[in-house]
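Numbering (this note's numbering), first residue to last: -1 to 612.
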């Protein structure tokens, strides 16, 4: 990594912890809901009388600009527009950013083995829709306020097509290499991007990934589904009976525009969460379904929130008198066996799986049979706390407790020809072979940490910023870059030393979650001191977490719907999660990071480089 990039770090390595000593690294980052009374004090109450007024929007499907040869080619414009996100009876439109003028973006549908090429055209205005905090790494230093680079989340693609955070383009057509004060990207800017789709079918998505402003660009609306589909899936509910559902949260100004903390001394967005559920771009929508089977593709596209969702029968006032969610797929593909989520469903290692927990960026592919529930109304309820720390005791604010209403009609308009989900899985999983890898025998240990920066120079000198880290490292730290070998697998141990749960996402790879194990602190203060010294550059020795904790000695398997074909895994406080990433497809540099977008922008992201075995 170049000296230029190291010297250009806006927030340098000297930091202080707000709560040193026995309070611990986790306590050093005070949590905030990001909710501002002047805005949110009235919004949820006002919307309480307007729930379930508007139907759930269904994302459209993009049509290729041309299908020359074997490649589907798209031209996708990024632009600013207005859309009615709040209940339409309020008469308030919201200014948004999006792909092809919609929020969420229209869906790209692709086939395994058939390439897709996308030219992304940045026609956004030169001023950001939200306030850019120039104290954050990647923002400021002369970088344009409006920069975008689209990441195909879950895609097995070359580094230059992945959406590397520094390989952005501004609305004025500048890239990092065009601006002397901005370090150049390790991965070159490339447009159009090529997606070969040499991978299993699955529920992917595309969203912005620009360094230092990912949280703002995604919050503004830059996200959409990318469905990699096999023709055999026609045996499942399809067309009007298949619905992608994007769960998010937003906070609104009184005029209907988005609210996000301005990023000043008083409103630093350490952990921001909205107070209104927004589903497929609509606050508190409803959907009418027929008494038959449907396929739902759930995606948590929230900046920060986890969602723990259950069906609730409004007519019988019951969580038990509801249909099961028959889960058939996860992040990167289909399961081998159906996992029944709900009352009387599958029993996992820690008990019955009675709810659908999705942390940021996780997906779930489910089939739900509404037959026998003619005329019934269900609500999709959420009881995940915020900030999420592994507990489902209820959301921090009542308005986030209900996400979507489902109304079952009395009749079926078309016969339900859906085959049983398990029969489908037996067929589809036999069609695709896993890429071959060999075990490298390497186990790597990483910590998930939090600390506070003190800015030491410039206009913001003295400002203290809550921040988060992978292995107490910064984005530019050469010694933090690991080099797995193409065609091999490794074991990564992820130790969470903070009070937050962190959804950890690895670009490029499909990984298996091997096990989860709790730990207790033996010497938390000692770890703090060692971590502080390392961050302050007072020592070059990164503390070894195993010297400060005791493992429970009783690791558990993850639930069967959270084990295979993952690209994102949730790591709870005082827990180590062991994963087995399989490094296939390409050599080169890719990011891995926390998918709490505020954490990602605040240094909780590192590159890794896949190297050739030759």
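Glycine included, C-beta positions come from ideal geometry on N, C-alpha and C.
Handout entry: Euclidean distance between Cα positions of residue 444 and residue 327
Key = Taking the chain shown and counting its residues from 1, the one referred to as residue 444 is at position 446. Taking the chain shown and counting its residues from 1, the one referred to as residue 327 is at position 329. Between the alpha carbons of residue 444 and residue 327 lies a gap of roughly 28 Å.
Exercise for the section: Return the chain-ordered list of same chain residues with a C-beta closer than 7 Å to the C-beta of residue 312, the five sequence neighbours on each side being excluded. Expected result: In the chain shown, the residue the question calls residue 312 occupies position 314. Its chain contains 375, 376 and 377 as the residues whose beta carbon lies nearer than 7 Å to that of residue 312, once the 5 sequence neighbours on both sides are disregarded; these appear in chain order.
Handout entry: DSSP-derived helix/strand/coil call for residue 493
Key = For the purposes of this step, residue 493 is taken as residue 495 along the chain shown, with counting starting at 1. It is a strand residue.
Problem - Three-way DSSP call (helix, strand, coil) for residue 689 in this model - result: Since the first residue shown for the chain is -1 and the last is 612, residue 689 is missing from the structure and cannot be characterised.
Exercise for the section: Report yes or no: do the stretch 475 to 485 and the stretch 520 to 533 share at least 3 C-beta pairs separated by less than 8 Å? Expected result: Output reads no: the stretch 520 to 533 does not touch the stretch 475 to 485.
Practice task
Return yes when the Cβ of residue 193 is within less than 9 Å of the Cβ of residue 51, no when it is not.
Solution key: Taking the chain shown and counting its residues from 1, the one referred to as residue 51 is at position 53. Taking the chain shown and counting its residues from 1, the one referred to as residue 193 is at position 195. Cβ atoms of residue 51 and residue 193: not closer than 9 Å.
Handout entry: Distance, residue 58 Cα to residue 600 Cα
Key = Numbered from 1 along the chain shown, position 602 holds the residue referred to as residue 600. Numbered from 1 along the chain shown, position 60 holds the residue referred to as residue 58. Between residue 600 and residue 58, the C-alpha separation is close to 34 Å.
Handout entry: Per-residue burial, residue 325 [other beta carbons within 10 Å of its own, 16 or more giving buried]
Key = Your numbering for residue 325 matches position 327 in the chain shown. By the Cβ-count criterion, residue 325 is buried, with 16 or more other Cβ atoms from all chains shown falling within 10 Å of its own Cβ.
Problem - Boundaries (first-last residue) of the beta strand (DSSP E) holding residue 403 - result: In the chain shown, residue 403 corresponds to position 405, counting from 1. Secondary structure note for residue 403: its beta strand (DSSP E) is the uninterrupted segment 400 to 406.
Handout entry: Identified DSSP bridge partners for residue 606
Key = The residue labelled residue 606 in the question sits at position 608 within the chain shown. Paired residues: 588.
Handout entry: DSSP bridge partner residues for residue 365 (one or two, in chain order)
Key = To locate residue 365, count along the chain shown from 1; it is residue 367. Per DSSP, 293 and 324.
Exercise for the section: Could you tell me which residues DSSP puts in a beta bridge with residue 119? Expected result: Counting from 1 along the chain shown, the entry for residue 119 is found at position 121. According to DSSP, which records beta bridges pairwise, residue 119 is partnered with 75.
Exercise for the section: Check whether the Cβ atoms of residue 144 and residue 190 lie closer than 9 Å to each other. Expected result: The residue given as residue 144 occupies position 146 in the chain shown. The residue given as residue 190 occupies position 192 in the chain shown. No, the Cβ-Cβ distance between residue 144 and residue 190 is not below 9 Å.
Problem - Nearest candidate by alpha-carbon position, reference residue 448, set 438, 96 and 462 - result: In the chain shown, residue 448 corresponds to position 450, counting from 1. Taking residue 448 as reference, the option from 438, 96 and 462 with the minimal CA-CA separation is 462.
Practice task
Leaving out five residues on either side along the sequence, give the residues of the same chain with a beta carbon under 7 Å from the beta carbon of residue 318.
Solution key: The residue you call residue 318 lines up with position 320 of the chain shown. Within the same chain, residue 318 has close Cβ partners 341.
Exercise for the section: Rounded to whole angstroms, what's the CA-CA distance from residue 436 to residue 482? Just pull it up for me. Expected result: Taking the chain shown and counting its residues from 1, the one referred to as residue 436 is at position 438. Taking the chain shown and counting its residues from 1, the one referred to as residue 482 is at position 484. Inter-residue distance for residue 436 and residue 482 is about 12 Å (C-alpha atoms, whole angstroms).
Practice task
Would you kindly work out how many angstroms separate the C-alpha atoms of residue 459 and residue 452, rounded to a whole number?
Solution key: Working through the chain shown from its first residue, we reach residue 459 at position 461. Working through the chain shown from its first residue, we reach residue 452 at position 454. Residue 459 and residue 452: Cα-Cα distance of roughly 8 Å.
Handout entry: Endpoints, beta strand (DSSP E) assigned at residue 579
Key = To locate residue 579, count along the chain shown from 1; it is residue 581. Looking at the DSSP string, the run of the beta strand (DSSP E) that includes residue 579 is 573 to 581.
Handout entry: the stretch 168 to 180 touching the stretch 221 to 234, judged by at least three CB pairs closer than 8 Å
Key = No, the stretch 168 to 180 is not in contact with the stretch 221 to 234.
Handout entry: CA nearest to the CA of residue 65, picked from 112, 54, 45 and 75
Key = Walking along the chain shown from the start, residue 65 turns up at place 67. Out of 112, 54, 45 and 75, the CA that lies nearest to the CA of residue 65 is found in 112.
Problem - Whether residue 406 touches residue 456 by CB criterion (9 Å) - result: Reading the chain shown from its first residue, position 408 is the one you call residue 406. Reading the chain shown from its first residue, position 458 is the one you call residue 456. No.
Problem - Inter-residue spacing [alpha-carbon to alpha-carbon] between residue 131 and residue 494 - result: Here residue 131 refers to the residue found at position 133 when the chain shown is read from its first residue. Here residue 494 refers to the residue found at position 496 when the chain shown is read from its first residue. If you draw a straight line from the Cα of residue 131 to the Cα of residue 494, it comes to about 27 Å.
Exercise for the section: Give every residue of the same chain whose Cβ lies closer than 7 Å to the Cβ of residue 575, excluding the five residues on either side of it in the sequence, and list them in chain order. Expected result: For this step, residue 575 is matched to residue 577 along the chain shown. Here the set comprises 492, 511, 514, 567 and 569.
Problem - As assigned by DSSP and simplified to three states, the class of residue 471 - result: Numbered from its first residue, the chain shown carries residue 471 at position 473. In this structure, DSSP gives residue 471 an extended state, which the three-state scheme calls strand.
Exercise for the section: Go through the stretch 78 to 157 residue by residue and report every complete run of the beta strand (DSSP E) that reaches 3 residues or more, in order. Expected result: Counting only runs of 3 or more, we get 92 to 97, 103 to 108, 114 to 120 and 148 to 151.
Handout entry: Proximity of residue 244 and residue 223 at Cβ, strictly below 9 Å
Key = Counted from its first residue, the chain shown places residue 244 at position 246. Counted from its first residue, the chain shown places residue 223 at position 225. For the pair residue 244 and residue 223, the CB atoms are nearer than the 9 Å cut-off.
Exercise for the section: Sort 560, 547, 473 and 602 by Cα distance to residue 184 and report the nearest one. Expected result: Residue numbering aside, residue 184 sits at position 186 when the chain shown is read from its first letter. Nearest C-alpha to residue 184: 473.
Handout entry: For residue 563, the three-state DSSP class (helix, strand or coil)
Key = Here residue 563 corresponds to residue number 565 of the chain shown, with the count starting at 1. DSSP places residue 563 in coil when its eight states are reduced to three.
Practice task
Please classify residue 240: is it buried, with 16 or more other beta-carbons within 10 angstroms of its beta-carbon, or exposed?
Solution key: Position 242 of the chain shown holds residue 240. Buried, by the Cβ-count rule.
Handout entry: Runs of alpha helix (DSSP H) wholly within the stretch 155 to 204 (minimum 4 residues, chain order)
Key = Counting only runs of 4 or more, we get 157 to 160.
Exercise for the section: Taking only the alpha-carbon atoms, compute the straight-line gap between residue 22 and residue 589 and give it to the nearest angstrom. Expected result: Stepping through the chain shown from its first residue, residue 22 is reached at position 24. Stepping through the chain shown from its first residue, residue 589 is reached at position 591. For residue 22, the predicted structure reports a pLDDT of 30, less than 50, and the residue's modelled location is therefore unreliable. A value from the coordinates is still provided. Pairing residue 22 with residue 589, the inter-Cα distance amounts to about 28 Å.
Handout entry: For residue 584 and residue 154, the rounded distance between their alpha carbons
Key = The residue given as residue 154 occupies position 156 in the chain shown. The residue given as residue 584 occupies position 586 in the chain shown. Each residue's alpha carbon lies about 8 Å from the other.
Exercise for the section: Would you tell me roughly how many angstroms separate the C-alpha atoms of residue 53 and residue 559, rounded to the nearest one? Expected result: Translated into positions along the chain shown, residue 53 becomes position 55. Translated into positions along the chain shown, residue 559 becomes position 561. Rounded to the nearest whole angstrom, the CA to CA distance from residue 53 to residue 559 is 30 Å.
Handout entry: Residue-level contact to chain B via CB, residue 286, 9 Å cutoff
Key = Among the chains in the structure shown there is no chain B, since it carries only a single protein chain.
Problem - Three-state secondary structure assigned by DSSP to residue 387 - result: Translated into positions along the chain shown, residue 387 becomes position 389. The answer is coil: DSSP assigns residue 387 none of H, G, I, E or B.
Handout entry: Start and end residues, alpha helix (DSSP H) containing residue 597
Key = In the chain shown, residue 597 corresponds to position 599, counting from 1. Where residue 597 is concerned, the enclosing alpha helix (DSSP H) stretches over 595 to 599.
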